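**Student:** Respectively, the protein sequence lines represent chains A, B, C and D. FYI, my numbering numbers position 230 of the first sequence as 230, with every residue one higher than the one before it. Quick note, my numbering runs 317 ahead of the 1-based positions in the second sequence. Quick note, my numbering runs 822 ahead of the 1-based positions in the third sequence. Quick note, my numbering runs 1133 ahead of the 1-based positions in the fourth sequence. Idealized CB from N, CA, C, for every residue including glycine. Note that the coordinates shown come from a computational prediction; the quantities given were computed from them, not determined experimentally. A single structure is presented below for examination.
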Amino acid sequence: MNNILRYLRKGELALFVIFLIVFVVFSFSSEYFFTLRNIMNVSGQMSIILIAAIGFSVLLIAGEVDISIGSLLAFVSIPLIETMNITGSVPLGIILCLVFGILIGLINGFFSVYLGVSSLIVTLGMLFILRGAVYLYTGQRAIPDELMSDFFFYIGNGKFMGTIPYAAIIGLVILLVFIFVMRNTSYGRKLYAVGGNQEVARLAGYNIKLLKLSAFVICSFLSSISAIILASRIGSANHVAGDLFEFQVVAAVVLGGVSLAGGIGSLTGAAIGVLILSVISNGLGLLNIDTQWQLVVNGVIIIIAVGFDELKRNRSL
Amino acid sequence: MALGEKIVININFKELKIESVSKSFPGVQALDNVSMKIASGKVHALMGENGAGKSTLIKILAGAYSKDSGDISFDENKLNIRNPNDSLNYGIKVVYQEISLISEFSVAENIFLDNFPTNNLGIINWNKLYKDTEELFNRIGFDLNPKSKISDLSISQQQMVEIAKAVFKNASLVIMDEPTSSLTPNEIDKLFTVIKNLKQNNIAILYVTHKIDEIFQIADEVTVLRDGQHISNKLISESSEETIIKDMVGRTVNATFERPVDISSAKTVMKVKQISSKNKINNVSFDLHEGEILGFFGLMGAGRTELAKAIFGYDKITEGYVEINNNNYKSFNTSTMVNNGVGYITEDRKGEGIVKDMNLRENMSLPSLKIFEDLFIINKKREKNAADDYIKKFSVKTPSSERLITLLSGGNQQKVLVSRWLIRELKIIILDEPTRGVDIGAKTEVLSLINDLAKEGLSVLLMTSEMNDLLSLSDRILVMADGKISKEFYRGNVNQEEIFKASVS
Amino acid sequence: MKFLQSNESILFFILALLCIFLSFYNPQFYSIQNIHSILRSSSTVMIVAFGMTILLTSGEVDLSVGALMSFVTVIVMDVINISGSIALGLIAVFGFCLLIGLINGLVRTVLNVNSLIATLAMMLILQGSVYVYSMAAIYNTHLIPLFSFIGQGFFLNIPMPVVIMLIILPFFVVLLNFTRYGRYFSAIGSNPDAAKLSGINNNRYKVIGFVITSLLVGVSGVILASLMDTGQQGSAKGFELIVIAAVLLGGTSFMGGRGTIIGTILGILILKIIDNGIILMRIPQEFQLIVPGVILILAVYFDGIRRKNSD
Amino acid sequence: ADPKRIGYIVNYGTHEWYQNVIFGLQSRADELGIELEVMDANLDINKQTQQAEDFMTKGVDVLIMTPVNEEGVVPILRKAKAEGMPTVLEGNPAKGMTTLFAICDYDAGYKAGDAVGRILVSRGETEARVMDVGLPLLSATLLRSLGFMEALAEHVNAVKVHELDGSGMIDSSVEVASAALAADSNINVIYGINDGSALGGLQAWRAAGLPEDDLIVAGTGSEGLAFLNEMTKEGTPYLVEAAMFPEGVGYTGMNLAVDLFNGVDVPEHKVTPTLALTVHNFAKYYDFDKAGQKRAINFENVAKIPTESKCTKYSSDL
Ligand SMILES: Nc1ncnc2c1ncn2[C@@H]1O[C@H](COP(=O)(O)OP(=O)(O)OP(=O)(O)O)[C@@H](O)[C@H]1O
Ligand SMILES: Nc1ncnc2c1ncn2[C@@H]1O[C@H](COP(=O)(O)OP(=O)(O)OP(=O)(O)O)[C@@H](O)[C@H]1O
Ligand SMILES: [Mg+2]
Ligand SMILES: [Mg+2]
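What follows is the structure, encoded as structure tokens:
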């Protein structure tokens, strides 16, 4: 415990406390909440957002943004499912899905970095384009997974030794790897520098364009992994998948203290942000709170959590 | 950069040659066939008015701008500088005029920004990073925790980090663009020691400054630019202050100021009573009289900037009050102060001064738009006329008032920011390093304008690190240390030694 | 000639191209009915976009406009149903919008929550609480003709929503271009510290920006309620994205500092004419997503090139 | 023994239609003394999957689901089967399901088309020029449009002039219908795949200032009060409603869930009643209080409506 506390920085600590409060409140108010099964469920459920949030944070830290990830989720699951259905090979489908993800990342990056169009605009456009393309291709019908392979089913639905969801394991591994990369490698620090002050980074001889492009690719790549887990959980390439996903990710990541202005924030924080929102959603569901109230509570909690954090950090403003 | 291509550094060159380098921006010929030679082991000073082209030349050497024509070479070897990375590989290190650090990073990370110590996998060796930084600081005799975050440092501490960053290793040519503009005398001494050290290591130094006395302390040679053209090149031993200034401005300038004898009997325009703030200010009180120039001295981090910001309503005060126009303000913001006729010029031009999306005219009129209004609508013509007046008065180098402010040279931007407040009726002006980066000609103009305005009744809070200006202009000097006022001196009985003593207590 | 060098000229060019192309394809494009239809549906977007332009210029954004708009339709219909008075309905709507705008503004300035997040949260809150207010849609039972006139009527053969938009428009053109408040909004968006140190009360103007936007949503919401003849929860879905996309297309910067009302108007017209053209041409409606996406990217790209060349 | 707790995951719980489905489920659950818990996926397919897991954690006796998308619930059904959780679907069939309760979309549309066709014939018209305010996103709504057009064609020459995507929302329907009417307003029938779409089409017609005398509007769903309000107006063109009685759907669904729990033999598809409602016959099924804006369903009379044992067409026939 002490180690965890030392590891968390000031802002993250405040969030962690909020998380603990939420956790304790739910544990007392719902008999189902603090059970191994439920906790494992939540850890699996949150991995979809978590993995995309990691990529999204990396990109934000590098000073760019990608709001097309929700549409991307729907888009890249098409090559995944189609390939599996046609060739009968799950790995091939996964590879193709990731390749498409990387390609979209490259396109986003190319327009933002090399053609100089603000990434918000590019990816806002991409949000429309990808969703439209999905509707066109699928004729607004979901494409079912006809292969029904156990392996694919287990990615999103299976549990290691019957307890720990594989999705949670995937999410955790990716999180740890990227926490390390962002904190302790020169590549990670360079991304921070580029997002923190692009001009300074340029004068330090960085290849800004390549660095940013790589961040776009990481974001799309990780979102594609989320897409695979989601596709496994919903057994299809689904045209309605990922709607408003970008909002959920933005809320979680900013709640976790990653700045929209670039260069500030940590993946640990982002992960705590995801954790808080996922646990709240799960807890409210278990308590049978009506959707309309869930929305209100979610909104209020986001304001309180971010506001509380900001107030602590910057009283004078 | 083509992959695999390796640039060979020849550190053992005799001189860096700049031959007929030209560079133009739309509407401006920033450099016009400029040639000069910088010998290794020598300090070469580069001087010129604001907008003369000094920073442009430096940015070309640094690979930040590409030149239109001309050659740059180490002895006979032509350099091919296409981007900052090339320049760094040639060993050209720059201390930029504007602070160029990542504010969220630690000191050590900033110093090794272009060269993190890593293993083969790109994993950073943090111990080595901090140890190397510590060693570097020891070597250049300057005391700072390598783990501190840049945003927690004062401007002058940041400047020292900039310098350390440039000199740390592999340098063949070190370029310093006004490195002392935000340093205290003590730090300037340290810098000069560093420079001597570099000389001994046979490193060439290009040194840009507006402080003419400095070049006589450290430079070996001086080149003067005017309007992008090479004007003169002399050995220091063969030149004098007068000749250099004459080369720079094309005329002589006079820099002594007359002050009225007794100001303390004038009526009080502002009373600061026991104010404290979260940002360091601790129980500060003083009165300001009409027409008085009240100088503030302090070492870096003494809290002058914080005091200025607290008085101006930028930072909230936690205790005390400010009395102005017969009102007591305990809680107020910047617009309260501006409405009471107070103005403020920041020391952080880039961060807090200029509005980069606006042109020169709009930047100038920002706090005074009310006076250009005809019934809610801004009268652009009057606004433009006012801007043109000040462009002329301070000889701001710009094709027109409609130019984006970011396209002006640093010193010219500063002139715009000074004009920003002079355009309107003011009772009190707070000047935090008002002449930072302003060339000697314009500086004299700014200072004598301040003097004239004070004679007409404007009260001035003057915070400047330039001791000479402070001494020659102030009617009274308050010395600050650690957020408090430690001592008060009156014009006529100031003693530099005592001032320093008071500032460290 | 100066006009031709501006961002507006690119948009204008795109717009003209679209119109020419569509009128060749289908002469119905220029039918008075079609023009009415385009303008009517543009005006609700434009009205809100005026406010959004101000907000984006000052470096803020409001994602709650869509949710607020559907809430407004419910309130206005319900209050008029109960009270039988349009005036009371409008008072309720604008009172409510004022409150929401104030909350958005204060959360942004006092709690210092990034407005993207603050208004995203407000969006969730409004989406939820509109059902707390009434689970069922509210139908027009008051049958006051004047109310139907607001959205469906014509004045001098111009649809009323367009008339309302045209009344509001000049106010914002003047505000942003010719008054000091316009300058303040861009200064705050471009460099908040410099603005503050110039004696501008940033927070006050930010709150004002949020309040103006919310009040404009009130206007659009009333028009929408009249047009639907219903107070409908969940209407105006995705409205915020369309408004923001149009404002950005119009050349306003998301980072603040730059904004133009004329650009915004052109941006909206382009998007709406594309929507319209796709229906006229009987192309699959999926393209209503794809085409604006492509145009958004290209327009901003060309604007960037133009800017580079002129600097 | 009867089940004690039943969980229902609705796809879009704030929609009037589903509020009334829930009302029907709850009415029957109350009669049987069953505790009904409802979670709302709010059109988020990922959330629906999570909620199914949550219900399994809670261990309800039967799980009822209206899929956000029918392909998307296949893995949930697989998990439920593995856990031995009896599951009932509402709306559309999905691979691996046990039983389903739903209206027949095609047949509902067909009944409305038939009613409209008769009115046209009685008016001496020979052609139906239709603006279909549809929702191609869902196969269910496509089936409705198809049924409507095929029934019309049996009476008159039926032409689909406009095929629109109104998102099922009144505001987008107004917008797309306005554009369509501007392109070609020579139509005499507006069909909406739900009440919002039909009303949106009608509102667009009104905003364009077109005459209402020869127009016929038909809606679908009997979702809430909207069609009753409009239908009872003097001189309205809104003449036909393909009623689907959502309360009845819920009522039937609860019975089906209990049967499944008790091991009674259940049909693969339990069809719930639909009917073409007009201003003349609605009172038999709905007690409508216009001033108080309330309606009350007559479960008994709805139960008497003869139902198909199987739909004429399914989404697989599209
Ligand atoms: N990026 C740019 N775009 C357009 N004009 C520029 C740009 N950079 C510099 N200039 C112009 O080139 C001229 C030389 O500027 P430079 O910054 O080199 O002056 P300087 O000698 O460094 O002055 P200072 O002492 O004020 O720093 C100025 O007129 C300036 O306005
Ligand atoms: N000992 C210190 N350790 C860390 N930060 C410090 C320390 N002293 C001052 N600072 C920071 O330095 C910054 C600037 O200091 P300040 O402006 O008070 O100095 P000053 O008296 O105005 O001198 P100058 O303007 O010449 O640097 C402030 O942000 C302050 O927080
Ligand atoms: Mg310079
Ligand atoms: Mg200072």
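At a cut-off of 7 Å, would you count B:LYS265 as near ligand 1, judging by its Cβ distance to the nearest heavy atom?
**Tutor:** It is not possible to answer for residue 265 of chain B, since the shown part of chain B is limited to 318 through 822.
**Student:** Taking the DSSP output, what are the residues bridged to D:ASN1319?
**Tutor:** D:ASN1319 pairs with nothing; no bridge assigned.
**Student:** Excluding sequence positions up to five away, which residues of its chain have a Cβ less than 6 Å from the Cβ of B:LYS376?
**Tutor:** TYR382.
**Student:** Spell out whether any CB of chain A is found under 8 Å from the CB atom of B:LYS441.
**Tutor:** Residue 441 of chain B is actually Ile in this sequence, not Lys. Taking Cβ atoms only, chain A reaches closer than 8 Å to B:ILE441, which makes this a yes.
**Student:** May I ask whether a heavy atom of ligand 1 can be found less than 7 Å away from the beta carbon of B:SER549?
**Tutor:** Not so, every heavy atom of ligand 1 lies at least 7 Å from the Cβ.
**Student:** What runs of the beta strand (DSSP E), each 3 residues or longer, lie entirely inside the region 350 to 431 of chain B?
**Tutor:** List check, beta strand (DSSP E) in window: 360 to 365, 386 to 391 and 409 to 412.
**Student:** What I want to know is whether the C-beta of B:LEU724 ends up closer than 7 Å to one or more non-hydrogen atoms of ligand 1.
**Tutor:** At least one heavy atom of ligand 1 is nearer than 7 Å to the Cβ of B:LEU724, so yes.
**Student:** If you measure from the CB of B:SER372, is any heavy atom of ligand 1 nearer than 7 Å?
**Tutor:** Correct: B:SER372 has its Cβ closer than 7 Å to ligand 1.
**Student:** Would the C-beta of B:PHE342 count as close to ligand 1, meaning under 7 Å from any of its heavy atoms?
**Tutor:** Checking every heavy atom of ligand 1 against the Cβ of B:PHE342, one is found closer than 7 Å.
**Student:** Under three-state DSSP, which class holds C:ASN1025?
**Tutor:** Three-state DSSP puts C:ASN1025 in a helix.
**Student:** Less than 8 Å between CB atoms is the rule here; does A:LEU136 satisfy it with respect to chain C?
**Tutor:** Yes - at least one Cβ of chain C is within 8 Å of the one on A:LEU136.
**Student:** Buried or exposed for B:LEU320, please, with buried defined as at least 16 other CB atoms from any protein chain shown within 10 angstroms of its CB.
**Tutor:** Its pLDDT being 33, under 50, B:LEU320 is placed unreliably in this model, and the coordinates cannot settle the point.
**Student:** If you count every other CB in all the chains shown that lies within 10 Å of the CB of A:ALA201, and 16 or more means buried, which is it?
**Tutor:** Classification for A:ALA201: buried.
**Student:** I'd like to confirm the pairing. Which residues does DSSP put opposite B:SER549 in its beta bridges?
**Tutor:** According to DSSP, which records beta bridges pairwise, B:SER549 is partnered with B:VAL541.
**Student:** Cα-Cα, which of D:LYS1191, D:THR1190, D:MET1198 and D:SER1330 is closest to D:ILE1178?
**Tutor:** Closest by alpha carbon: D:MET1198.
**Student:** Kindly list the residues whose CB is nearer than 7 Å to the CB of A:GLY109, restricted to its own chain and excluding five residues on each side of it in sequence; keep chain order.
**Tutor:** Here the set comprises LYS212, LEU213, PHE216 and VAL217.
**Student:** Do D:ILE1303 and C:SER1057 have their C-beta atoms closer together than 8 Å?
**Tutor:** The answer is yes: Cβ separation under 8 Å.
**Student:** Where does the unbroken beta strand (DSSP E) through B:TYR646 begin, and where does it stop?
**Tutor:** Residues 644 to 646.
**Student:** Please find out if some non-hydrogen atom of ligand 1 comes closer than 7 Å to the beta-carbon of B:ALA347.
**Tutor:** Correct: B:ALA347 has its Cβ closer than 7 Å to ligand 1.
**Student:** Examine chain B for any beta-carbon lying closer than 8 Å to the beta-carbon of C:SER1048, and answer yes or no.
**Tutor:** False, the Cβ-Cβ gap to chain B never drops below 8 Å.
**Student:** Verify whether the separation of the beta carbon atoms of D:HIS1288 and D:ARG1256 is less than 8 Å.
**Tutor:** No, they are not a contact pair.
**Student:** Check each candidate in B:GLY567, B:HIS361, B:LEU405 and B:ASN519 and name the one with the smallest Cα separation from B:ALA369.
**Tutor:** Nearest option by C-alpha distance: B:GLY567.
**Student:** A:ILE67 by DSSP, collapsed to three states: which one?
**Tutor:** Three-state result, A:ILE67: coil.
**Student:** Tell me the DSSP secondary structure of A:ALA261 in three-state form.
**Tutor:** If DSSP states are grouped into helix, strand and coil, A:ALA261 belongs with coil.
**Student:** Taking only three categories from DSSP, how would you classify C:LEU885?
**Tutor:** Three-state result, C:LEU885: coil.
**Student:** So the candidates are D:GLY1229, D:GLU1164 and D:ASP1347; which of them puts its Cα closest to the Cα of D:ILE1320?
**Tutor:** Per the Cα distances, D:ASP1347.
**Student:** Taking 8 Å as the threshold (C-beta atoms), are C:LEU998 and C:GLY1081 in contact?
**Tutor:** Result yes, Cβ atoms of C:GLY1081 and C:LEU998 sit closer than 8 Å.
**Student:** Less than 8 Å between the C-beta atoms of B:ILE522 and B:VAL491, yes or no?
**Tutor:** Yes, Cβ-Cβ distance for B:ILE522 and B:VAL491 is below 8 Å.
**Student:** Please state whether the Cβ-Cβ distance between B:GLN475 and B:GLY754 is less than 8 Å.
**Tutor:** Cβ atoms of B:GLN475 and B:GLY754: not closer than 8 Å.
**Student:** If you draw a straight line from the C-alpha of C:ASP1125 to the C-alpha of C:LEU1091, how long is it?
**Tutor:** Approximately 18 Å, taken between the alpha carbons.
**Student:** Would you mind reading off the limits of the alpha helix (DSSP H) that contains D:ASP1187?
**Tutor:** 1178 to 1191 is the span of the alpha helix (DSSP H), which, as asked, contains D:ASP1187.
**Student:** Let me check you understand the geometry: is the CB of B:ALA414 closer than 7 Å to at least one non-hydrogen atom of ligand 1?
**Tutor:** Residue identity differs from the one stated: residue 414 of chain B is Gln in this sequence, not Ala. Within the cutoff, so yes.
**Student:** Spatial neighbours of B:VAL478 within its chain, please: CB distance less than 8 Å, with the 5 preceding and 5 following residues excluded, ordered by chain position.
**Tutor:** LEU418, VAL424, ASN427, ILE428, LEU461, ILE467 and LEU470, listed in sequence order.
**Student:** Anything in the region 1095 to 1110 of chain C with a Cβ closer than 9 Å to a Cβ of chain A? List those residues in chain order, please.
**Tutor:** Listed by position, the residues of the region 1095 to 1110 of chain C near chain A (Cβ gap below 9 Å) are PRO1106, GLN1107, GLU1108, PHE1109 and GLN1110.
**Student:** Measure the alpha-carbon distance for B:LEU453 versus A:ALA193 and round it to whole angstroms.
**Tutor:** Approximately 22 Å, taken between the alpha carbons.
**Student:** List, in order along the chain, the chain A residues whose C-beta lies closer than 7 Å to that of B:GLU426?
**Tutor:** Neighbours of B:GLU426 on chain A, chain order: ARG189.
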